[in-house]
Amino acid sequence: MKRILVLLLISPMLPPASAWAADGGQVIAIRAGRIVTVAGGIIENGIVLVRGGKIEDVGKDLQVPGDAQVIDASKQTVVPGFIDAHSHLGLSLDALSEIDETVQPIAAEMQVIDAFDPTADALAKAVRCGVTTAMLAPGSRNPVGGQTAIVKLSGGSPDRWLLRQTAGVKLSVAGDVLMHDRKPTSMPGLITMLRERLDSAKSYTAAKFDPSTEVLSRLVQRAIPAYVQAQTVDEVSAATNLISQYNLQAVITGGDQADEVVETLVQQKVPVIYGPLLLYSKDKDLKRPAKLAGAGVKLAFSSCSPRTCAADIRTSAILAVRYGLSRDEAMKALTLNAAEILGVADRLGSIQKGRDADLVIFDADPLDASSRVETVIIDGKVVYQRERT
Amino acid sequence: MTEVKSVCLGGIFLLFPLLAASAGAERIAIRGGTILPVSSNPISNGTVLIENGKILAVGADVVVPGGAREIDARGKFILPGFMDAQSCLYMVDGEPRLLQGEPDWNVTDGLDPFIEGWEEVLAQGVTAVYVAPPAKSGIAGRGAVLRLNGARTPAKLVLKADAAVKANLGVSLNNQSSSLARLNDYADLRETLIETQAYMQRKRRYEQDLAEYEKKKGETGKEDKKEGKKEDIAAKEKKPQDLKRPDKPATDPAHEILGKVLDRKIPLEITAHRMQDILNALRLAEEFQFSLILDECTEGYLVAEEIARRKVPVIAGPVSTSFAEVPQVEYRNHDPRNAGILSAKGVQTAIGVGGRDGLSSKFIVTAAGLAVANGMDKDAALRAVTLTPAEILGVADRIGSLDAGKDADIVVMTGPPFDTASQVVTVLIEGKVVYERKPSP
Amino acid sequence: MKFRSSMALRVAGFQPAIRRRDAFDTWACLLLCALLALVVPPCLAYGGPVRKKIAIQAGRIIPITGAEIKDGTILIDDGIVKAIGKQNDVTVPWDAFVIEAKDKVIMPGFVLAHTSDGLDTPNENLPEVPFLSTFDSIDPPSPFYEDSLRDGVVAMLVLPGNYTLLGGTGTVVTPHGRTVEDMLVKRYVGLKISLAPIQSTSRMGHMQRFRRYMDDLKEYREKYDQRKKDAEKDKKPFDEEFDPRKQSMVDLLDGKLKAFIYCAVAADVPKAIEIIETYKLQAVLVLSPDCYKAAPLIAEKKLPVILDPQLVVWHTNEEKNEEEMKVVPQIFNRAGVKFALQTDTSSYGRRYLWYQAATAVKHGMNRDEALKSITLYPAQFIGIDDRFGSIEKDKEANLIFLTGDPLDAQTWVDKVMRAGEIVYEKDKDERLKKLLEKPREKPEHENTD
Amino acid sequence: MRIHRVLLILLLISAVAASAAAQDQVVAIKAGKVLPVSGEPIDKGVILIKGGKIAGIGPNVTIPEGATVIDAASGVAMPGLVDARGVRPIRGELNEQSDEMTPAFHVSLAIDPKSKLLKHNLQSGVTTLYVSPGGENIISGLGAVLKPVGKTATEMIVKDDAALHITMGSDSTYGNDIPWNSPPTNFYYRRPGTTMAVAWMLRKSFFDAQKYAEAHKQPNPAMEVLVTALKGGIPIRMAARRAIDIRTAFRIADEYGLKIILDECTEGYKVPELIASKQTTVVLGPFYYYPHTFNQYSEGRECNWNNAGILAKAGVKVVLSCGADPDAADLLTVATFAVRHGMPADLAIKAITVTPAELLGVADRVGTLAEGKDADILILSGEPLASTSRVQRVLVNGRTVYQAEQ
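Dropping the structure here:
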C-alpha cells in the first residue's frame, strides 16, 4: 500500500517516448529572415529544419528536402517558444484561492497537475502570444504549497503536453503565508516551522512513512528543486539563509526586491524567476530585473497568471529592456534561462539540433511591443497561425 | 530737468524687459525631426513652430523667425503628447472605489495635485489624461481631462471639466457574478433618466409659467394704470386668483447635470464589459438620445458592427488584463484583439490603460503597441492614444494632433513610438518644456 | 471656583504658602469655598481681583510685541495693564500691591487657537450641524482644562472636531472656572468646516454635500427674501422666522463669523482656498501635517494657519531610498506664512505649547516668531488680540510667571494671572504633587500590618 | 554584453573595496564639547576614528594628516543612544499566535531591514536598539540587539537572542476565547483567561523545563531555550505594569532562583524599595501623561510622571526607553522630561546610553565614548537635554549615516 502511495506521489519524471511520435516523419522547413537561436547567436536568412517534432538542423545554407512543408518567413524572425517559468495557468478560472490548500500549512503532497485544465481558454491566449511551455506552481499561501509541474501548451493528450509531473516543490516565505488563525502567524514562526519540517525530512526513513515528509526528503537530498516564493528584501534573505542552511537546489520566485541582496544570490548561484512586472510599477522597480541580470543572476520571467496575463511575460521582458536590460538577456530570460532553471534545457529554450521544435515566428523584433506573432509551432506542429485580413 | 531725465530713463529701463518678454521669449522651433502630426501624413525633416504656447505652423518648409528658441530634433520623432483616456492619475490615495456616486460628484473634488509619481508618467510622453470618479455601480459622477503640467491646484490641472458623466452597467464589485448588478444598474439608470426628463419638463413649465406671469402682471399693471382708481367688477374678475408668482421647483443638482446629458451638452460615458451591457447601453442611448461613449467595452469585438452602425465612440479597455491587479469576472472573455477589431470595423476607438493605479498611465504607448501586436493598424493605434481620445472627450480643438492653432503639447522621441528602444527626450505642454531627458551617466 | 477663592484669600492675606496641610484642613477649606461659592453671586465671583492696583516687579519680561525687558515692572489696574517698562521708568503708586518676581520670567499667557479636547464628544455624527455650539459641550471638570492652566494657557478656542462637514461654532474660554459661564471669554467665535470625508463617503461626495448645502441655503435665502419683499410690497405683516439652524452659516457668508477649515491632506488646501474665494469667507486653515506640501499656495493667498500638533513628518524619497525629515513649522515659516501652534496629549512634549515652539526653534525658526505663534498670532486668529497675546498698555493682564526661559524644558509655570487675578500657583498644585511624588503609604496598609 | 557584465562586476568589486576603504578611513571630530558619559565632559575635544572604532579621545589628540575632519565647533558630541526596548522594525505579527509559550521565537527572523521606523529612529540619535517580540504571549521569545544600518537583518544584528521575554499581567489573556463564544476547535480556545492562569502557565513551563533538563527523548528547541534561561545563560526580561504584577514576577523568579530585568514597570513608583532590594534593572517606557492605548488603559492608568526619578532615588538602576512604541517621543525628549519630572540629569543621560548598553551586554562596544569602542557618535547643536538642541549628525561605525539639513 505504501509503495503504491509512493508511486503515486513521486510521479513519472519523464513522459513516455511516444510523446512526439504522433507527427511521424513530417518535415517542415522554415525559411527565416532572422533566427534567434539564443544558444548560438543570430542567423540572418537561415533555415530551420524540423522533423518528427524535433529540430533536425538550423543554419544558413541548408538543403531543404523535397517533401518538406515550407513556411516562408523570409521577412520575419524565428525564436524559441517562450517559457512562462512560474504560473498558475489553466489551474482555475478566476479564483486564485483554488491553488492553495491552506487547511494545513505543509502541503508537500499536493500535486498541482491535478488542478490543471489543458483545455482552458487561457492556454490558447498564451499560445497566441508566443508562450509554448509553462511551469505550473501552487500558490504562495502555504509554507510548503505542493509539487510543481511543467507542461507544454499544445493541448491534446497528456503524453503530448506533460513534461514533468513533479518538477519541484513550491515553498513560500512570503507574507502571504501568514494568517491570523492558522499556524504560523508570524515570520519567525514560519521560518521555524520550515526548519523543523526540513530537519525531520533529513532523518526521514521510508519505514515511518509520511507522504509530506517523503516529498521534503527528496528536497533535502537535492533530488528535486525548491521554488521559494520571496518578495521583499527580508523575505529573500530568509530564503537564501534557508537555502544555504539546507543546501537546497533552489530558485527564488517573485523576487521583487531581490536585486538589493544580489551579492548573496550570485554567491549562492540562486536563479530568480522574476515578476511579474506589474503594469503600475514605479520606474525604480522596473529597473530591478536589469540590475539582477547585470550582476550575474540567472533570470527568467514569471506571469503568476492569472495575476497577470500569461502572455505578458513578453511585456515584462519588453519593459525590462526599456528600463535597462539588454535584449540578449531579455531573450534568454524568456527562453533558455527559463529552460535551464527548470531543468529542461536539453529539450527547450533554444533553436539547436535535437531540441524540441517549439518555435515562434514574429513579424519583427519580438522585443518591440507592436510586433506580431505570426505562427506558433509546438513539437513541430503549427498550433497557431495569425489570420490575415 | 535732470530729474525728468532720470524719470524717463527709469521708465525705459522698466519698460524694456516687459517688451522683450512679450516680443521674443515665447517662440520655440522644433527642427529637423520626423513629424507625425497624427491628423495628416508624416513629414520628414520638418519644423514645428510654437508661439505663446500654441502651434503656429507645422511643415517641411516653415520659416523660423529670428529670436526663436530652437530645439534640435534631427533624427528624432516629433509627435503630439499622448493621452490616456482611462486614467486614475491624481486621484486621492485611499479613496473608496466601490461606492456608488451621483451625477453631481465631480472628479476634480477627488484630485490630489500633490501626488507623487506623476513625473514618471510625464516622462513617458503622456501630457493629458481623462479621469472619472471610480465608483463601480450606477452613476459615478463627472470626469475631467487633465494636463500633466505640474500645477498645484485642481483648477489649473483641468483642461476640460465635465468632459463626460460616467455611469456603469453590470460591473461586479467583488469579482463575483455581476448579473444582479446588470439588472439593477440598467433599471436604475433608466429610471434616473426618466426622472430627469420629468424634472426638465417641470423646469420648462415653470419658466413658461413665469414668463406668462410676468407678462400678465405687466398687463394688469398697465390696466390698473389706465383705469386709474376705477375699480369695476370686471377688472377684479380679470385678476384671477391664480395670478400668483409660480412656485419655483427646487433645484436638484443631479438632475441639472443629467439634463445637460439629455440635451447632448455632456456625453454619458458608460462602462460596460459584457456584450449584453454594451447592447443595453446602446439601447439607452437610442431611447434617450444622449451622446454615448462606451468605456472598456471588453466584449465589444462581438458586437463591433452594431457599435459602428450607431457611430458610438469607444474607449477600449485594458489591452491586457495585466493592467488590472486582480482580474475581474468581466474579463472572462477578454481578448487583446478587441481594440483592433473595433477599429477595423469602423468604430472610433481610443485606447485606455485601464489600470488600477495612476502610474499605469505611463504604459499607454506600450498598451497601444500591444494593440498593434494583436492586430490593430499602427496608425489607428497611434491615433487611439492621441487624437481619438481628444475627439471623443471634446478637447480636439486644443490637443491631440500637431496642427496650427492647437496647444503646443508635444513629445520628441529618439525613434518611432512603438519601438522599445525609443525614449522620450523632450516634452512640451502649452509650449513650455516640462520634461527633458537627463543624459544617462 | 474653589481654587480661585482660596487664591483670592491668599493674595489678600499675602501669607506664605502653607506647606503641609492635613486632611481636615483641606476639607475645611473646601467647605468654606463651597459656601463662598453659594453666597457670592457668580457675576461678582467673576468680577475681578481683590486688589485693584498691582505692580509686578519681574526679573525679565517678554512682552512679545516689544523688546524684552530686564528687571522690569508691570503696573496693573483693575485687571488692565497700565504701564510696562524698566523698573526705573515705571512709578509704582503708593497704594499698589507689589508682587515680587525678581527670579521669574513674565510673559503673556499662551493662547491655543484650536482645540477639541475637553469636549465629551467632539464630532457629531450628522455631517451638517452648523447650528451646534461647543458652548453646550464644554466639560469644565475635564482634566484637560486643569492641565492647560497648569501649562500656562490662558485662552483657547474650543471648536468641534475635525470630522464633521459643518461642525458648529466655537467658544473662547479660559481654562479656569467651575462652569462654562465662569470660563467664558467670548461666545460664538468661528465656524468649523471639515474637508475630511467621513469614512463612508469620498472626497467627491463630501464636496457635493457641501455644495448642495450651500446651494440650498442660497435658494432658501432667496425665497425667504422674496417672501419678505412680497409681504412688504403687499404691506402684509411678515413674521416668518428665518430658520435658526441656518443662521450661523448666514453669518459666515456675511463675514460675521470666521471659518476654521480643516484640511486632512494637502489636496484639501486648494479646495479650501476655492471655498474661501467662492464664498468670500474670512478664514483660518487648520492643517494636518501633510499640508506642508501646500505651503506655497497658502503663502500666496496670505491665509492664517493653525498647524497640527505633529510638527515633524517623514517623506520617503524613493529615488535616494531615504527618509527625509520635514519640519512643518520651518517650511511654513520659510514660505512666509503666519501660523499658530497646537497641542495634543499623545506623546511626551507635545502637550506643551512652549515645547512646540521650542521644536520650531530647534529646527531653525526665529525665536521671536516662534513665541508669537503661541501667544499673539493665535490671539489674532481667534479675534481676542485686544485682550490676549501680549503685554501691552491697556490690554488685560493675562500673564504667566515662569521659573526660567519659556523654551527651556526645565522651566515650570509658577503662577498664572487672568485679568489681574492669580488663578494658578504651582506651590498649591496638589495634583501636580501627586503626579510627581512618591505616594504616601496608605494608613489602612499600616493597620493591616 | 559580456563586457557589460564584467564591467558591472568590476564596479561591484570596486564598490565593496570602496566601502572597505571607508572602514579604514581616518575621521576626526572636533567638537565644542565632548560628553564621553564614562568620564568628565571635555571642552573643545577631539575624537579620532580609525576603522570604525574610536582610536583616541581627548582635548589634545593629534589629528593625522589625510584624516577627514568633521568640524563641530559649536556642537556637542556624545555616544549614540541605546534604546533597550526600541521600536520594532517588523512587518506583520509581533508574536507567533499559535501558542502561548513561544520561547524559541527569534525576533531576528522577523526584522525588516527596510523599515522606515529604523531610519526615523536613527535620525533622532538611536544607534543601537534592542528589538523585543510582542507582549501577547506569556513567554513570547527572544529579542535581538541591532544597529539600524545594513542591507539585511544579518548585517544589522549585533547580538542575537539577547534576552527572553515574559509578559505578566493580563495582556496574554486578550483574544483567547471562551467556550460559549466559539467552538472549542477555535484556534484561540485556550488558556490563559486570567492573570492567575498566566502565573500558573509560567510556573509550569519552568517546571517542565527543569524536567526536560533532567531527561528527554527528543530535542525541543523551545525547552532548550528555557533550560538555558534557567541556568542564567540568557537574561530574562519580565514586563509588568501594575504593582501586583511586579510582585508576582518577583515571586515566580524567586521560586526558580531567577534573576530578572523588569520592563515597563509603570507602577514601580509604588514599590521602589522592593525593586531596589532585588537589585533589578528596570527598563521604563512607554511614557505618557494619560493612557491612550488599550494596554495603558487596562493596566497602566496609575502612572506617575516621575516614576524614573523615584526609582532612581531608591537606588534602582533605571533605563529609559521608548517602550517599543512607534509613536513615542524620541529618546532624548524622554530623558529631558524625566529630568523635568525629577530624575537627576547625569543618571538620565546614562539611562539612554551606558546603562542600557550594560543591560544588553554590549557595553564593550557601545554606550560610551572611549578608545576601542565603536564609533557610534551623535553630534548635537547644544546640550543633550535642552529642548532646542537638535541632532546634527549621526555616525555609526565611524560613518556618517545622517546629517541634518543646514
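Keeping their order, the protein sequence lines are chains A, B, C and D. In our numbering, each residue's number is its place in the first sequence (first place is 1) plus 1. In our numbering, each residue's number is its place in the second sequence (first place is 1) plus 179. In our numbering, each residue's number is its place in the third sequence (first place is 1) plus 103. In our numbering, each residue's number is its place in the fourth sequence (first place is 1) plus 118. Note that the Cβ used here is the ideal one computed from N, Cα and C, for glycine as well. Predicted model only: the values in this text are computed from it and were never measured.
- V267 of chain D and A280 of chain D: beta carbons closer than 8 Å? No, these two residues do not count as a Cβ contact at 8 Å.
- Segments of 4+ residues assigned as alpha helix (DSSP H) that fall wholly inside the region 219–258 of chain A: The alpha helix (DSSP H) runs of length 4 or more contained entirely in the region 219–258 of chain A are, from start to end of the chain, 234–247.
- Pick out whichever of A:F302, A:R308, A:P307 and A:S306 has its Cα sitting closest to the Cα of L320 of chain A. When only C-alpha atoms are compared, the closest one is A:F302.
- Message: Against chain B, which members of the region 361–374 of chain C pass a CB distance test of less than 8 Å?
- Response: From the region 361–374 of chain C, only V368, A369, A370, P373 and K374 have a Cβ closer than 8 Å to chain B.
- Query: Can you find a C-beta in chain C that's less than 8 Å from the C-beta of Y415 of chain D?
  - Reply: No, Y415 of chain D lies away from the interface with chain C (no Cβ there is under 8 Å from its Cβ).
- Verify the CB distance criterion: does R142 of chain A have a CB-CB separation below 8 Å to chain B? R142 of chain A is outside the set of residues whose beta carbon lies under 8 Å from a beta carbon in chain B.
- With a 10 Å radius around its C-beta and 16 neighbouring C-beta atoms as the bar for buried, classify T473 of chain D as buried or exposed. Within a 10 Å sphere around the beta-carbon of T473 of chain D sit 16 or more other beta-carbons, which makes this residue buried.
- Apart from the five residues just before and just after V242 of chain B, which ones in its own chain have a Cβ nearer than 6 Å to its Cβ? Cβ neighbours of V242 of chain B beyond the five flanking positions: none.
- Message: Tell me which residues of the region 178–207 of chain D have at least one Cβ-Cβ distance to chain C shorter than 7 Å, keeping chain order.
- Response: Listed in sequence order: no entries.
- Query: If the cut is a Cβ gap below 7 Å, which residues of chain A does D536 of chain B touch?
  - Reply: For D536 of chain B, the chain A residues whose Cβ falls inside 7 Å of its Cβ are Y281, in order along the chain.
- Inter-residue Cα distance where the pair is N512 of chain B and T213 of chain B: Taking the straight line from one Cα to the other gives about 39 Å.
- Query: To the nearest angstrom, how far is it from the Cα of P446 of chain B to the Cα of N436 of chain C?
  - Reply: So the two alpha carbons sit approximately 47 Å from each other.
- Quick one: which chain A residues come within Cβ less than 8 Å of L549 of chain B? Contact of L549 of chain B with chain A by beta-carbon distance below 8 Å involves T316, A370 and S371.
- Take the Cβ of E475 of chain B as the centre, count every other Cβ of all protein chains shown within 10 Å, and call the residue buried at 16 or more, exposed below. Buried: at least 16 other Cβ atoms inside 10 Å.
- Item | Positions along the region 597–608 of chain B whose CB lies within less than 7 Å of some CB in chain A | Hits within the stretch, in order: F597, D598 and T599.
- Query: How many Å lie between V187 of chain D and I147 of chain D at the Cα?
  - Reply: Note on geometry: alpha-carbon atoms of V187 of chain D and I147 of chain D lie some 6 Å from one another.
- Message: For I477 of chain C, which residues in the same chain have their Cβ closer than 6 Å to its Cβ, ignoring the five residues on either side in sequence?
- Response: Excluding residues up to 5 positions away in sequence, F213, L444, L456 and A460 lie with their Cβ nearer than 6 Å to the Cβ of I477 of chain C in the same chain.
- Task: Label Q386 of chain A either buried or exposed according to how many other C-beta atoms from any shown protein chain fall within 10 Å of its C-beta, with 16 as the threshold for buried.
- Result: With fewer than 16 other beta carbons inside 10 angstroms of its own, Q386 of chain A counts as exposed.
- Query: For N242 of chain A, does the count of other Cβ atoms within 10 angstroms reach 16, so buried, or fall short, so exposed?
  - Reply: By the 10 Å Cβ count, N242 of chain A comes out buried.
- Item | Within 8 Å of chain D by C-beta, residues of the region 474–485 of chain C in sequence order | Within the region 474–485 of chain C, no residue qualifies.
- Item | Residues near A222 of chain D in its chain [Cβ-Cβ closer than 8 Å; skip 5 each side] | If we look at A222 of chain D and ignore the five residues flanking it on each side, its Cβ neighbours are G259, L260, P339, A340, E342 and V343.
- Consult DSSP for A504 of chain D and reduce its assignment to one of helix, strand or coil. Coil.
- F442 of chain C to T419 of chain C span [Cα, whole Å]: Computed Cα separation, rounded: 26 Å.
- In chain order, which alpha helix (DSSP H) runs of at least 4 residues are fully inside the region 460–491 of chain C? Annotation note: the region 460–491 of chain C contains the following uninterrupted alpha helix (DSSP H) runs of length 4 or greater, listed N- to C-terminal: 470–475 and 479–484.
- Item | Secondary structure of Y269 of chain B, DSSP reduced to three states | Of the three classes helix, strand and coil, the one that applies to Y269 of chain B here is coil, per DSSP.
- So with Cβ pairs under 8 Å, would you call L268 of chain C a contact of chain B? No, L268 of chain C lies away from the interface with chain B (no Cβ there is under 8 Å from its Cβ).
- Message: Taking the alpha carbon of S213 of chain A as the reference point, which residue from A:P139, A:V145, A:D118 and A:A311 has its own alpha carbon closest?
- Response: Nearest option by C-alpha distance: A:V145.
- Message: If contact is defined by three or more beta carbon pairs under 8 Å, each pair taking one atom from either stretch, is the region 503–522 of chain C in contact with the region 202–219 of chain C?
- Response: The answer is yes - the region 503–522 of chain C touches the region 202–219 of chain C, with three or more Cβ pairs under 8 Å.
- Message: Using the three-state DSSP reduction, which class does S258 of chain D fall into: helix, strand or coil?
- Response: In the three-state reduction of the DSSP assignment, S258 of chain D falls in the strand class, which pools E and B.
- Query: Given that a residue counts as buried once 16 or more other Cβ atoms are within 10 Å of its Cβ, and exposed if not, what is R419 of chain D?
  - Reply: Sixteen is the threshold: since fewer than 16 other Cβ atoms of the shown chains lie within 10 Å of the Cβ of R419 of chain D, the residue is exposed.
- What residues in its chain sit with their C-beta under 7 Å from that of R348 of chain C, if we drop five residues either side in the sequence? The residues are F234.
- In angstroms with no decimal places, state the Cα-to-Cα distance between L607 of chain B and D588 of chain B. Cα atoms of L607 of chain B and D588 of chain B: separation of roughly 5 Å, rounded to the nearest angstrom.
- Message: Taking the straight line between their C-alpha atoms, what separation do you get for G496 of chain B and I530 of chain B?
- Response: Cα to Cα, G496 of chain B sits roughly 7 Å from I530 of chain B.
- Message: My parser needs the beta strand (DSSP E) runs of 3 or more residues fully inside the region 508–541 of chain C; what are they?
- Response: If only complete runs of 3 or more residues are kept, the region 508–541 of chain C shows the beta strand (DSSP E) at 516–521 and 524–528, in order along the chain.
- Query: Is the shortest distance between the beta-carbon of Q336 of chain C and the beta-carbons of chain B less than 8 Å?
  - Reply: In the sequence on display, residue 336 of chain C carries Lys and not Gln. K336 of chain C does not count as touching chain B.
- Query: What residue ranges within the region 343–409 of chain D form continuous beta strand (DSSP E) runs of no fewer than 3 residues, ordered along the chain?
  - Reply: With a minimum length of 3 residues, the continuous beta strand (DSSP E) runs that stay inside the region 343–409 of chain D are 354–358, 378–382 and 399–402.
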